[in-house]
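Protein chains in written order, with the working numbering: chain X, 168 to 486; chain B, 4 to 512.
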Ligand SMILES: Nc1ncnc2c1ncn2[C@@H]1O[C@H](COP(=O)(O)OP(=O)(O)O)[C@@H](O)[C@H]1O
Ligand SMILES: [Mg+2]
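Take a look at the structure:
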């Protein structure tokens with residue numbers, strides 16, 4: 168039986184709908200000319216570096232097929248790296264090299280492959296096979312993240328990232344998406360990935376949902392989802408809050424992964440983050456947005472990102 | 004001024020103008036608000052084009068005649084610089100335009116309103132003596148005799164004879180006797196001429212009648228053909244399409260026997276084209292005709308003052324905003340997902356031409372088969388543009404196969420597959436297949452279903468008689484549509500689908 172909520176009930180619950188997200192959150196806070204900052208990962212990387220924000224270090228970029236000749240020598244000193252399309256999305260075209268075996272490269276699974284395969288992959292990226300609309304693209308090479316094992320056993324495939332929604336420099340909501348067999352290894356909630364809402368104050372799991380229904384254990388691995396606690400949460404929220412000053416985007420999704428040694432690293436930014444985070448958190452975003460707006464109109468809002476993150480932990484988390 | 008206020012002001016102005024003009028037309032000009040009783044009225048237009056070079060020009064167009072079931076009212080028009088009159092003598096009517104020294108490209112229009120009620124049919128005199136039929140060539144005599152003897156054997160009188168003969172010549176494509184006489188690729192005109200020739204050689208007076216079959220609105224209407232015979236006491240008409248005796252109800256005769264269809268003296272490059280608009284609105288025409296006679300500016304500068312074929316185009320164009328409104332409502336208020344924003348409107352436009360069920364079946368077939376083939380192309384790792392080009396060629400091939408196989412199997416509806424815009428179909432297939440790879444088949448079904456549902460609803464709205472009438476008679480209502488779309492553009496409330504999506508959150512557990 169399909170159940171519908173009344174619009175008033177959703178309003179009372181503080182849910183932000185798609186129309187409001189588009190008209191108010193995105194159109195009024197994210198000027199179009201800023202989109203390239205986040206839609207092109209190479210530009211994102213530069214901006215983040217300029218502001219001293221942690222992200223996997225850029226090793227280099229291949230722009231022309233001709234540069235492939237020099238690539239083996241260039242990659243020689245780097246044992247572990249990732250090649251990805253600068254304008255890719257949805258995890259397409261990402262090649263992870265987790266080590267070397269003589270001349271050969273190794274996938275994380277341990278499978279070895281030669282330079283010709285790597286070159287073919289770069290060529291595919293350059294010709295736009297993985298980018299939106301098939302536009303020619305740039306292949307960027309960055310350091311491989313040595314994933315922190317906190318999420319071990321929580322994901323069917325791949326390593327989950329943490330999505331923090333940042334509104335005008337205030338982290339307002341966070342979640343992590345765990346792929347499942349049902350979601351075919353993809354981190355998309357409507358395809359069956361598990362969404363885990365994270366407490367903005369502590370980084371602890373609030374609740375987990377799959378197909379909109381609460382779950383307590385991972386459907387494939389059986390791991391107890393309620394026990395997830397993201398380490399280094401303070402640094403993670405501060406890092407996210409700083410992205411506002413770096414990009415100027417008022418409504419933004421910051422994707423963070425955890426490196427074993429270096430702690431939270433920004434993987435990518437999103438200027439049109441979706442609304443599933445509300446489902447994972449089991450609450451609406453509206454009261455939080457309103458609280459930020461109310462604070463800003465008083466004129467006494469903290470201006471430094473770290474203070475904003477601190478304020479959010481205290482005042483936004485309970486909402 | 005804030006954007007919000009500006010928008011409100013604009014909406015108010017649009018509503019005021021839109022409803023204001025409508026109200027003026029309804030209250031003052033007494034335009035009806037509904038199309039009224041559906042009465043078949045046709046406006047038929049003949050457009051005569053030629054290039055004049057300063058010589059005196061006399062242009063003549065044969066005019067249509069009334070039948071037992073069609074009543075014709077001339078609305079001949081004289082453009083600036085031309086004199087126009089109707090020349091009438093026994094048997095034929097012609098519209099004549101004359102000018103002393105016209106220059107350049109000239110278009111002359113003759114319009115007739117045709118009502119589906121009994122016309123005044125003059126009693127036709129008996130034919131003169133039988134014209135000498137052209138004798139058949141030696142090689143053809145046998146075939147001709149074969150047809151004549153067969154027709155004679157299976158008939159009792161002249162009418163039956165002519166009917167049998169006409170059916171054979173027109174309908175039996177593979178008949179060797181017919182192909183001998185008319186050739187392999189005989190057109191309707193050749194077959195009609197052959198019938199007349201055969202009938203005359205059997206000493207029956209016969210003539211080809213060309214005219215227009217009034218069926219639906221058509222920008223470029225071609226002439227149809229029936230055969231007229233003298234059965235000894237009166238003229239009878241044989242319809243080769245229906246294979247029946249008697250003038251078809253919807254046939255408007257335009258040219259009989261060896262009358263000319265049109266003739267232009269003093270100019271060159273002349274051509275004649277016909278267009279038909281099917282008018283279901285009878286009460287409206289009254290108001291307009293009255294308005295025109297009063298010289299009301301709003302009507303003289305309205306769509307009704309345009310040539311009929313342009314009116315036809317506009318009646319279609321004016322429906323597109325309705326389709327767009329349906330899309331806006333379904334996407335932003337209902338929350339339906341569609342593939343491509345306005346692709347459903349284009350599909351709906353095709354449905355209007357093909358009829359709904361045919362269109363649906365063709366669309367699903369083409370896109371379905373296209374998706375399967377496109378799935379194979381994926382494994383070839385092609386670049387985007389070559390890939391779409393390949394899909395495009397696949398689509399055209401599918402059109403070809405559907406048309407040929409459909410036609411062979413006697414499903415003529417399959418031919419209308421060509422109404423679907425190929426580029427749009429190719430892009431739809433491409434987008435859906437990318438969706439299938441990146442997301443899941445489920446998303447393809449959701450989006451594809453959403454698109455089809457939108458297209459169907461847009462189709463229903465666009466073919467609704469009342470809506471079609473309102474948009475055409477009151478084009479100012481477009482401004483109201485625009486206002487509604489602007490308001491929806493600012494709507495920040497929930498979509499219907501979100502009431503379901505976020506339902507678990509409203510329970511506040
Ligand atoms: N530097 C990296 N080291 C290890 N894994 C990475 C790295 N960059 C990306 N990945 C993997 O690829 C996934 C998608 O990367 P991301 O940069 O978010 O691209 P996309 O925009 O396609 O989602 C990440 O979730 C992660 O699993
Ligand atoms: Mg990502």
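The C-beta atom is built at its ideal place from N, Cα and C for all residues, glycine as well.
Only a predicted model underlies this, so the values are computations on that prediction, with no experimental measurement involved.
Cutoff 7 Å; reference residue i; Cβ partners in own chain excluding five residues on either side
i	result
residue 184(B)	143, 146, 147 and 197
residue 161(B)	207, 232, 234 and 235
residue 293(B)	Its pLDDT being 45, under 50, residue 293(B) is placed unreliably by the model, and the measurement read from it follows with that caveat. So no residue of the chain qualifies.
residue 289(X)	229, 235, 250 and 306
residue 115(B)	47, 67, 75, 76, 77 and 78
residue 386(B)	none
Unbroken alpha helix (DSSP H) run spanning residue i, endpoints
i	result
residue 98(B)	Per DSSP, residue 98(B) belongs to no alpha helix (DSSP H); it is in the beta strand (DSSP E), 95-102.
residue 20(B)	6-30
residue 321(B)	That residue, residue 321(B), is in no alpha helix (DSSP H); it is neither H nor E in DSSP.
residue 289(X)	282-293
residue 399(B)	387-411
7 Å Cβ cutoff, residue i in contact with chain B
i	result
residue 345(X)	no
residue 284(X)	no
residue 306(X)	no
residue 174(X)	yes
residue 294(X)	yes
residue 191(X)	yes
residue 297(X)	no
residue 182(X)	yes
residue 419(X)	no
residue 171(X)	yes
residue 197(X)	no
Proximal residues to residue i (C-beta, below 8 Å), its chain only, five neighbours per side dropped
i	result
residue 239(X)	282
residue 245(B)	251
residue 206(X)	254 and 438
residue 274(X)	263, 264, 265 and 280
residue 290(B)	Here residue 290(B) scores only 48 on pLDDT, less than 50, and its place in the model should not be relied on; the value that follows carries that caveat. Cβ neighbours of residue 290(B) beyond the five flanking positions: 32, 33, 34 and 35.
residue 296(B)	Model confidence at residue 296(B) stands at a pLDDT of 46, short of 50, so the residue's coordinates are unreliable; what they give is reported in the following sentence. So the list is empty, once near-sequence residues are dropped.
Endpoints, beta strand (DSSP E) assigned at residue i
i	result
residue 434(X)	430-437
residue 61(B)	60-65
residue 228(B)	227-233
residue 113(B)	106-118
residue 92(B)	86-92
Beta carbon proximity, residue i to chain X, threshold 7 Å
i	result
residue 498(B)	yes
residue 381(B)	no
residue 509(B)	yes
residue 9(B)	no
residue 495(B)	yes
residue 415(B)	no
residue 433(B)	no
residue 502(B)	yes
Same chain, Cβ closer than 6 Å to residue i, neighbours up to 5 away in sequence not counted
i	result
residue 249(X)	263, 309 and 311
residue 453(B)	339, 340 and 341
residue 139(B)	147
residue 180(X)	451
residue 100(B)	62, 85, 87 and 111
C-beta neighbour in chain D for residue i, strict 7 Å
i	result
residue 53(B)	The structure shown has no chain D; the protein chains it does contain are X and B.
query: Which residues, in order along the stretch 335-349 of chain B, keep a beta-carbon less than 9 Å from a beta-carbon of chain X?
result: Hits within the stretch, in order: 335, 336 and 338.
query: If contact means a Cβ-Cβ distance below 9 Å, which residues of the stretch 438-457 of chain B contact chain X?
result: For the stretch 438-457 of chain B, which is checked against every Cβ of chain X, the residues closer than 9 Å are 441, 442, 443, 445 and 446.
- request: Decide if the stretch 413-432 of chain B is in contact with the stretch 391-401 of chain B; the criterion is three or more beta carbon pairs, one per stretch, under 8 Å apart.
  value: Cβ pair count under 8 Å is three or more, so yes.
query: Do the stretch 185-202 of chain X and the stretch 419-439 of chain X make contact, defined as three or more Cβ pairs closer than 8 Å?
result: Contact between the stretch 185-202 of chain X and the stretch 419-439 of chain X is present: 3 or more CB-CB pairs across the two stretches fall below 8 Å.
message: Does the structure place the stretch 344-351 of chain X close enough to the stretch 271-289 of chain X that three or more beta carbon pairs sit under 8 Å?
response: No, they do not touch.
- prompt: Which residues, in chain order, does the stretch 372-388 of chain X contribute to contact with chain B at a C-beta distance below 7 Å?
  reply: Within the stretch 372-388 of chain X, those residues whose Cβ lies closer than 7 Å to any Cβ of chain B are, in chain order, 379.
task: Could you tell me whether the stretch 61-75 of chain B touches the stretch 4-14 of chain B, where touching means 3 or more Cβ pairs closer than 8 Å?
output: Using a Cβ-Cβ distance cut-off of 8 Å, the stretch 61-75 of chain B and the stretch 4-14 of chain B are not in contact, since fewer than three pairs of beta carbons, one from each stretch, lie closer than that value.
query: Does the stretch 330-340 of chain X come close enough to the stretch 407-415 of chain X that 3 or more CB-CB pairs lie under 8 Å?
result: At 8 Å Cβ cutoff, the stretches touch.
message: By the 8 Å beta-carbon criterion, what residues does the stretch 362-388 of chain B contribute toward chain X?
response: Residues of the stretch 362-388 of chain B with a C-beta less than 8 Å from any C-beta of chain X: 384, 386, 387 and 388, listed in chain order.
- request: Residues of the stretch 392-415 of chain X with a CB closer than 7 Å to any CB of chain B: list them in chain order, please.
  value: So the list is empty, because no residue satisfies the distance condition.
Inter-stretch contact (C-beta, 8 Å, three-pair minimum) for the stretch 188-195 of chain B and the stretch 251-262 of chain B: Result no; under three Cβ-Cβ pairs closer than 8 Å.
message: Does the structure place the stretch 415-429 of chain B close enough to the stretch 349-369 of chain B that three or more beta carbon pairs sit under 8 Å?
response: Counting Cβ pairs under 8 Å, three or more are found: they touch.
task: Mind checking the stretch 466-479 of chain X against chain B and listing, in chain order, the residues whose C-beta falls within less than 8 Å of any C-beta there?
output: Cβ contacts with chain B: none found.
task: Flag this pair as touching only if the stretch 240-247 of chain X and the stretch 445-460 of chain X have three or more C-beta atom pairs under 8 Å; answer yes or no.
output: No: the two stretches stay apart, fewer than three of their Cβ pairs being nearer than 8 Å.
field: Under 8 Å (Cβ pairs) to chain B, residues found in the stretch 223-245 of chain X
entry: So the list is empty, because no residue satisfies the distance condition.
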